[in-house]
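Residue numbers (my numbering): 4 to 249.
Each residue gets a CB set at the ideal place from its N, CA and C atoms; glycine is no exception.
Keep in mind it's a predicted model, so treat the numbers as computed, not measured.
Okay, structure first, notes after.
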Amino acid sequence: MGRSPCCEKAHTNKGAWTKEEDDRLIAYIRAHGEGCWRSLPKAAGLLRCGKSCRLRWINYLRPDLKRGNFTDDEDDLIIKLHSLLGNKWSLIAGRLPGRTDNEIKNYWNTHIRRKLLSRGIDPATHRAMNEPACVAAAETKTISFSAKEEVVVRERERSPAVVKREKCPDLNLELRISPPNQREGGGGTLCFGCSTGIHKSKDCSCGGDDNNININININGSSSYSGYDFLGMKAGVLDYRSLEMK
DNA sequence: AAAGCTGACAACCGCGCGAAT
DNA sequence: TATTCGCGCGGTTGTCAGCTT
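Shown next as structure tokens:
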């Protein structure tokens with residue numbers, strides 16, 4: 004059994020939004036605030052799907068949006084965050100005030116991807132494209148966001164026939180994003196919301212309530228290995244103090 | 001000037017997740 | 001515990017403007 008459609012498609016407009024529709028949506032949200040997107044179109048007198056209204060508001064009508072070209076700093080930040088987070092556009096957008104996930108996603112696909120490719124960097128892996136696949140494969144396959152998840156490695160010496168998933172006892176390539184005031188080795192484990200910088204106080208059980216984050220990369224179990232340059236970011240504590248939270 | 005191509009970006013679609021029941 | 005509902009996310013498609021031939 005399939006999922007029921009989110010709205011009555013037969014009586015909804017599709018395609019580009021008109022000025023009048025925009026005005027209606029803006030007026031309604033100004034008067035009533037965001038929330039309950041499903042019922043909003045009817046209440047606002049719009050022949051649109053709730054999801055469409057939400058998308059339009061979040062991506063184009065919100066008053067706090069920053070329009071215009073991305074700066075070089077934003078470019079660099081997007082590349083670095085993408086190397087850490089992958090295609091988690093909403094998380095990346097959370098670190099770029101005034102930018103939306105859709106905008107960043109489009110910008111990545113049209114500009115940054117090409118920029119990296121022209122530099123010989125694989126935008127998916129952030130590795131040099133002339134690097135032999137077997138070398139890349141021999142190193143970390145996945146970086147887990149959960150300390151409980153295993154790190155999957157493929158040992159260089161093994162023949163393909165005997166390659167298997169196993170927990171690696173020697174390599175601890177841990178990505179940790181934490182508030183800057185978190186004590187080293189303090190034993191505090193952050194909830195996912197705080198780990199990613201998307202802190203929601205009502206969900207939080209870890210006490211990570213600072214609005215800034217650090218990105219901390221541990222290699223081979225060393226918690227303060229500072230000499231390794233990970234994708235241009237010195238491992239250790241990278242302070243994102245200057246970034247505002249959403 | 002017209003046709004075809006390409007890039008940019010707005011919008012849609014389907015799925016996963018969490019909250020509510 | 002299972003089911004339903006709504007929201008949010010990431011991937012994909014559609015459209016249009018600018019460029020090239």
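Check, Outcome
"Buried versus exposed, by CB contacts within 10 Å (16 or more), residue 185", "Since pLDDT at residue 185 reaches only 40, below the 50 mark, its modelled position is unreliable, and the value read off the structure follows with that caveat. Residue 185 comes out buried."
"Cβ neighbour criterion (16 or more within 10 Å) applied to residue 153", "With a pLDDT of only 33 at residue 153, under the threshold of 50, the placement of this residue in the model should not be trusted; the figure read from the coordinates follows. Exposed, because fewer than 16 other Cβ atoms sit within 10 Å of the Cβ of residue 153."
"Opening and closing residue of the alpha helix (DSSP H) in which residue 3 lies", "The structure shown does not extend to residue 3, since the chain spans only 4 to 249, so no value can be given for it."
"Contacts around residue 68, its chain only, beta-carbon distance under 6 Å, and the 5 residues preceding and following it disregarded", "101"
"The segment 95-113 touching the segment 67-84, judged by at least three CB pairs closer than 8 Å", "yes"
"Cβ pair residue 92, residue 104 closer than 9 Å", "yes"
"Beta-ladder partner(s) of residue 1, from DSSP", "As displayed, the chain neither begins before 4 nor continues past 249, which places residue 1 out of reach and without an answer."
"Unbroken stretches of the alpha helix (DSSP H), 4 residues or longer, contained in the segment 33-89", "43-47, 53-59, 75-88"
"Buried/exposed call for residue 39, threshold 16 Cβ in 10 Å", "exposed"
"Span separating the alpha-carbon of residue 25 from that of residue 44", "12 Å"
"Sub-9 Å separation of residue 27 and residue 49 beta-carbons", "yes"
"Coil, strand or helix - residue 17 by DSSP", "coil"
"Residue of 70, 116, 95, 41 minimising C-alpha distance to residue 55", "41"
"For residue 96, the nearest candidate out of 16, 61, 123 (CA to CA)", "61"
"Local Cβ density within 10 Å of residue 98, reported as buried at 16 or more and exposed below that", "buried"
"Backbone CA spacing between residue 36 and residue 63 [nearest angstrom]", "16 Å"
"Which of helix, strand or coil DSSP assigns to residue 101", "coil"
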